[in-house]
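Residues in the sequence shown are numbered from 16 upward in steps of one, following our numbering.
Using N, Cα and C, we set each Cβ at its ideal position, and we do this for glycine too.
To start, the structure under review is shown below, and the notes come after it.
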Amino acid sequence: MNFRQMTYLNKLLVYGFLLGVIPLAILGFLSYFRASTTIQKYVEAGNLQIIKYSQLAVEQNMKTVETALVAFLNSPQGTDLYNIPLDYNKYEPFSRLESSMRQIQIYEIGVFDVTLYNLQYLWRVSNAGITTFDNKEEELQPYQDFLNSSLNSTWIKNEQGIRFLKKSPLYVTNPAMLVVADIPYSHLSKLLLRANPLGSTAILDRQMELIIGQDQGSVQQLLGNPELKKRLSGDDLEGQLGIKHDGQKYEVTFVHSGFSGWYYIAAAPIDEITKESRSIGQYIWWICAGILFLILLAAWFGSKNMYRPIRMLHSVLAGSGDKNPDPNSTEDHIQQIGQSVKKLLDREKKMSSQIEGYTVQLEAFFVQKLIMGDVRKREITEKLGMFSYAAGWHKMTVMAVEIDTLEGTRYSRNDQDLLLFAISNMVSEIIPETNRLTPIVSNSSQLNVVGTVLDDPVAWNTELQLWAEEIQKASSNYLDVTVSVALSKPVEQWTDVPRAYREAMEALHYRMRLGNEAIIYSEDVNSGSAEAVQYPLKLEQELLALIKSGYRLRAEEKLHSFMQELVRPPFHFHEYQLSLFRMLTEITSLLQAEGVPLRELVDGEASLIEQMTQLRTVEEMEEWFLQRLITPVIALLEKRRSSQFQNISEAVIQMIHEEFDTLLTLELCASRIHYHPHYVSKVFRQETGVNFSEYLLKHRLEMAKGWLTETSMTVTEIAEKLKYTNPTNFIRYFRKIEGITPGQYRERNSGVVSED
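Dropping the structure here:
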């Protein structure tokens with residue numbers, strides 16, 4: 016099972032179990048490790064001491080033999096033997112010699128035979144008796160290396176045991192005597208068996224060849240290990256190393272004798288060394304298993320008791336009506352409790368956010384009603400206390416902010432509300448909270464009620480100017496738009512805030528004259544001259560004439576002059592606005608005079624007055640008049656004229672086609688369609704490219720050509736029917752146009768004989 020998927024109770028149980036198991040496991044491991052290490056050290060130290068004891072016993076025995084032989088050779092009877100030849104008549108010296116040699120061969124030191132060689136007179140004395148030898152080299156061949164060396168004494172091995180060799184006298188080139196003492200392997204084995212260490216013990220000579228060992232086969236195989244040989248060849252006089260042989264590990268303890276140069280070794284299997292430690296390990300394991308069981312019981316009951324408050328809390332939440340905790344659910348109780356608590360916290364956070372949002376909305380709603388004058392004086396006092404506003408302000412000013420234009424920016428008209436709210440946020444950061452009410456957005460303006468506890472009007476105006484400049488700078492830097500700011504006159508009563516609002520909004524209209532990114536004070540724009548503004552009637556008439564005549568470029572120039580005349584000082588916004596309304600009425604009257612419905616000008620859009628009142632600058636107003644009013648009016652008038660001309664020409668043509676064989680005149684046609692003959696003549700020539708008479712004659716000619724080819728009418732009859740005074744005039748006109756006479760035309764096209 017994944018640990019993360021376990022319930023909290025199981026996790027608590029596992030945690031309590033591990034809290035007891037881990038220290039117990041560490042304690043058991045350290046105890047076993049400490050015990051096994053200590054036992055191994057004691058065993059290794061014991062083996063080393065046993066090897067040293069074996070070395071001491073063997074070398075003590077060897078030294079005793081050497082001492083006895085040296086004492087014998089240095090005694091008077093020993094030195095007398097140097098120059099005594101073997102003479103059976105001299106029995107007494109040799110008898111004493113044999114007696115002395117038997118005394119050396121005692122059981123405790125293991126010497127079973129002593130041989131004395133007289134190298135000068137070639138005789139020897141041993142347990143076999145006194146004999147001579149003739150061939151010195153053959154007799155002494157086993158000892159030749161020793162005799163030729165500079166050593167005075169040495170120990171060597173042979174098949175039966177070890178042998179001690181001693182020259183006499185000492186330090187001479189040709190010694191006179193050679194003493195040989197033999198100690199059997201059985202005696203050496205007794206010395207080694209007394210030690211009785213773990214594993215096998217052995218003695219190696221200087222060449223690391225086996226002299227004697229308890230398990231000579233195993234020792235002989237171990238001697239083939241290169242690592243062991245390398246270590247024995249080193250300078251260490253004693254030491255221990257681990258080697259592996261035939262899949263089994265051995266602990267080898269060695270001592271290098273400085274007396275004989277021999278190696279005393281003990282090789283013990285690691286399994287034998289750690290046998291006791293394994294027993295201790297099993298004992299520790301059973302103890303730990305028992306303690307582990309007790310820990311498991313303690314963890315189980317302890318976890319149950321510790322989990323009881325959680326279970327109670329889960330039951331409480333499960334019965335509280337919350338849908339998250341389910342007593343029968345397989346989910347973790349802690350997880351269910353966490354989900355319930357999280358849900359409660361989320362709900363609380365959501366409610367807090369909603370309350371905070373409602374508070375902000377209520378504040379904005381209060382400011383909206385305050386500006387519009389919909390709040391009573393008593394309610395103002397209550398609201399100011401509720402929203403912690405600065406009721407101690409001495410002066411209040413309404414600050415109105417409007418975007419100058421969105422033309423040439425990356426924004427469209429649909430982005431205006433979003434930009435105004437962004438400006439409100441910037442105002443909240445620029446103006447301290449102690450100096451403002453909640454900024455609001457109303458229609459296309461951003462409104463702020465700001466106040467101060469200062470009594471100095473100059474200082475207050477300076478602060479207002481700084482705030483207005485910072486708002487303009489922030490709008491330009493962060494939103495890439497320009498704004499204008501209007502400031503009302505300071506008021507001291509909250510009930511005067513609506514009047515201050517109207518002053519600020521009216522001051523904004525003076526951007527028409529001041530231009531974009533202006534800071535406008537209401538007291539400045541309302542303190543101008545009371546001189547009446549003269550309406551530019553002459554410019555208006557000239558502009559209307561140009562529009563009616565269809566001269567757009569000249570009308571554009573005249574419109575610019577008209578707009579500049581309207582904003583020329585003294586400037587009053589209301590008169591400026593009424594003048595624009597008057598111009599709007601005059602232009603639309605042109606359409607009505609021509610019979611063009613006004614709906615074609617505003618079809619599907621807001622009314623012209625609504626569109627015009629949304630414009631903020633002279634440039635916008637001039638562009639609107641040109642693009643939205645003058646250009647469409649010129650186009651509609653042109654369209655109307657084109658349609659009228661076409662109708663007139665079509666009516667005249669129809670009358671010609673239907674009444675060509677009558678005395679039809681231009682005056683008669685004009686009277687029928689209720690237009691002046693001169694106007695009809697001009698329109699007809701403009702539409703058809705020819706005048707009325709020419710068109711009538713051409714049509715009569717075409718009819719005559721048809722009659723000539725399709726009927727048997729005479730030329731005279733045709734001339735009379737076409738209202739010619741005499742046939743000659745008809746024939747003359749026909750020849751002028753066609754190049755031949757009517758008779759010739761008939762003859763050419765129908766085969767009828769000409770009567771001309």
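State the beta-bridge partners of K259 as determined by DSSP. Answer is K264, bridged to K259.
When the Cα of E555 is compared with those of E532, P513, E601 and A533, which residue comes out closest? Of E532, P513, E601 and A533, the residue nearest in Cα terms is E601.
Which two residues bound the contiguous alpha helix (DSSP H) that contains N744? Segment P742 to E753, the alpha helix (DSSP H) holding N744.
Where does M192 fall in DSSP's three states? strand
A379 beta carbon less than 8 Å from that of I455: yes
Boundaries (first-last residue) of the alpha helix (DSSP H) holding D539: S537 to V540
What are the boundary residues of the alpha helix (DSSP H) that includes N163? Element bounds for N163: Q159 to N163.
Among K720, Q156 and L137, which residue has its Cα nearest to the Cα of F148? Looking from the CA of F148, the closest CA among K720, Q156 and L137 belongs to L137.
From this set, K488, D511, Q549 and V195, which residue's C-alpha is nearest M116's C-alpha? V195
Segments of 4+ residues assigned as alpha helix (DSSP H) that fall wholly inside the stretch 35 to 96: The stretch 35 to 96 contains these whole alpha helix (DSSP H) runs: 91 to 94.
Using three-state DSSP, classify F675 as helix, strand or coil. The answer is coil: DSSP assigns F675 none of H, G, I, E or B.
In three-state DSSP terms, what is R139? strand
Closest by CA to E590, which one among N440, L574, P551 and A560? Closest in alpha carbon position to E590, among N440, L574, P551 and A560, is P551.
Which partner residues of Y132 appear in the DSSP bridge assignment? Beta-bridge pairing links Y132 to R139 and L193.
Stretch pair the stretch 695 to 712 + the stretch 664 to 677: three plus CB contacts closer than 8 Å: Taking 8 Å as the limit for Cβ pairs, the verdict is that the stretch 664 to 677 does touch the stretch 695 to 712.
Whole-angstrom distance between A313 and M321, CA atom to CA atom: Each residue's Cα considered, the two are about 12 Å apart.
Between N450 and T467, how many whole angstroms is the CB-CB distance? I'm expecting something under 8 Å. Yes, they are in contact, since the Cβ atoms of N450 and T467 sit about 6 Å apart, within 8 Å.
List in chain order: all unbroken beta strand (DSSP E) runs of 3+ residues lying wholly within the stretch 685 to 764. Fully enclosed beta strand (DSSP E) runs of 3 or longer: not present.
Which word fits A570, buried or exposed, when buried means at least 16 other C-beta atoms lie within 10 angstroms of its C-beta? buried
Beta-carbon gap between A515 and S499 smaller than 8 Å: no
Identify, in the order they occur along the chain, each residue of the same chain with its Cβ nearer than 8 Å to the Cβ of W639, setting aside the five sequence neighbours on each side. Q626, M627 and L630
Classification of I41 by the beta-carbon crowding that lies within 10 angstroms, buried from 16 upward: With fewer than 16 other beta carbons inside 10 angstroms of its own, I41 counts as exposed.
When you compare only the Cα positions, how much space is there between F87 and L131? 11 Å
Local conformation of F32 per DSSP, three classes: helix
Can you tell me which residues form a DSSP beta bridge with H271? According to DSSP, which records beta bridges pairwise, H271 is partnered with Y278.
Which class does N458 belong to by DSSP, given the choice of helix, strand or coil? coil
Closer than 6 Å by C-beta to I299: which residues in its own chain qualify, once you throw out the five before and the five after it? Chain order, please. G43, S46 and Y47
What three-state label does DSSP hand G388 in the structure shown? G388: coil per DSSP, three-state reduction.
Have a look at Q235, I121 and V267 and flag the residue whose alpha-carbon is nearest the alpha-carbon of L63. V267
Could you say if the stretch 55 to 75 and the stretch 317 to 332 meet the contact criterion of at least three C-beta pairs nearer than 8 Å? no
Can you have a look at S544 and say buried or exposed, based on whether 16 or more other CB atoms are within 10 angstroms of its CB? Because S544 carries a pLDDT of 49, less than 50, the predicted location of this residue cannot be relied on, and the following value inherits that uncertainty. Counting Cβ neighbours within 10 Å, S544 comes out exposed, since fewer than 16 surround it.
Look up T412 in the DSSP assignment and say whether it is helix, strand or coil. strand
In the DSSP output, what is I177 paired with across the bridge? K172 and I198
Do V473 and T412 have their CB atoms nearer than 8 Å? no
Taking the straight line between their C-alpha atoms, what separation do you get for P91 and N163? 27 Å
Just how far apart, CA to CA, sit G336 and S355? Unreliable placement is indicated for G336, whose pLDDT of 49 sits below 50; the coordinate value is still reported in the next sentence. Cα to Cα, the separation comes out at about 11 Å.
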